[in-house]
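K.L.:
In the numbering used here, the protein residues as written are -18 to 249.
1) Taking only the alpha-carbon atoms, compute the straight-line gap between residue 35 and residue 120 and give it to the nearest angstrom.
2) Can you list, in chain order, the residues of its chain whose CB lies under 6 Å from that of residue 89, leaving out five sequence neighbours each side?
3) Between the C-alpha atoms of residue 1 and residue 58, what's the straight-line distance to the nearest angstrom?
4) Going by beta-carbon coordinates alone, are residue 86 and residue 187 separated by less than 8 Å?
5) Give me the Cα-Cα distance between residue 80 and residue 112, rounded to the nearest whole angstrom.
6) Quick check: the Cα distance between residue 109 and residue 149, rounded to an integer number of angstroms?
7) Can the beta-carbon of residue -13 be found closer than 8 Å to that of residue 218?
8) Residue 170 by DSSP, collapsed to three states: which one?
9) Could you pull out every residue in the same chain whose Cβ sits closer than 8 Å to the Cβ of residue 213, ignoring the five residues on either side in sequence?
10) Under 6 Å Cβ to Cβ from residue 78, same chain only, skipping five residues before and after it: list those, please.
11) Run the CB neighbour count on residue 225, radius 10 Å, all protein chains shown included, and call it buried at 16 or more, exposed below.
12) With DSSP as the reference, label residue 92 as helix, strand or coil.
13) Could you give the DSSP three-state label for residue 144: helix, strand or coil?
14) What's the gap between the Cα of residue 199 and the Cα of residue 103?
15) Please confirm whether residue 116 and residue 122 have their CB atoms less than 8 Å apart.
16) Under the rule that 16 or more other beta-carbon atoms within 10 Å means buried, what is residue 145, buried or exposed?
17) Give me the Cβ distance between residue 176 and residue 143, rounded to the nearest whole Å; I'm assuming they're in contact under 8 Å.
18) Leaving out five residues before and five after residue 83 in sequence, what residues of the same chain have Cβ atoms less than 7 Å from its Cβ?
19) Applying the criterion that 16 or more other CB atoms from any shown protein chain within 10 Å of the CB defines a buried residue, is residue -11 buried or exposed?
20) Just to check, is the beta-carbon of residue 49 closer than 7 Å to a non-hydrogen atom of the ligand ADP?
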């Protein structure tokens, strides 16, 4: 209850999405302990492994930042009547982000993979216990099943977020069209193909992100960062970029408000 109140206050103060900021703070708070444990493990084993882990962490962070900001920009043409009634002075485009679903497919997949373990605790069935062992984080089927579920959830969640036929109708009402593509059904099919390609790229990115910690851990033998997965980096980067974007938008709005205030004073 207290966390909900704090999250609402953060949102009201325009400091970002309150719940996301709290989740990010929780993830960041575990970093010092993980780094300390990793240093201890590296000192007792092979310090070169810590360097490998550090390089992997840096490359993962850079990759997440790049993919989170990457988008496919489809140029748009607007009718002269719509353009004259708006302030469209530059080339307009329709943006599609590479990873439009964020971390949600990973959350769905992790929740589904956790069900056998929960069922095994309550039922005590030997079959369910064996399935839970195979699908657990150290199980043989965990990585391939996890990646397959992420790909499936990412594809379906992409089209849940953005329905091509609805977007096509909205563009038609606004007098907008994609160059060399007829409005209506052809536009819907074009958007569907584009979203499918984007979802494939996003699925590959999320799959690598989910598999990277397990692969790096198998090479370095360092388990200190086991709770700090690649998806945690995705959450940190996503919330950081979203918060920065909100700050810039708020600054722009305050400038417009100042201009309106000055205009009203001069008019009076």
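Cβ atoms here follow ideal geometry from the backbone N, Cα and C, with glycine treated the same way.
P.N.:
Judging by the given coordinates:
1) 26 Å
2) Here the set comprises 134.
3) 36 Å
4) Yes, the Cβ-Cβ distance between residue 86 and residue 187 is below 8 Å.
5) In a straight line, the C-alpha of residue 80 is about 31 Å away from that of residue 112.
6) 46 Å
7) No Cβ-Cβ contact shorter than 8 Å links residue -13 with residue 218.
8) Note: residue 170 maps to helix in three-state DSSP.
9) Here the set comprises 8.
10) 52
11) A residue is called buried once 16 or more other Cβ atoms fall within 10 Å of its Cβ, and residue 225, having fewer, is exposed.
12) helix
13) Of the three classes helix, strand and coil, the one that applies to residue 144 here is coil, per DSSP.
14) 32 Å
15) yes
16) Around the beta carbon of residue 145, 16 or more other beta carbons sit within 10 angstroms, so the residue counts as buried.
17) 7 Å
18) 219
19) exposed
20) The ligand ADP is not part of the structure shown, which contains no ligands of any sort.
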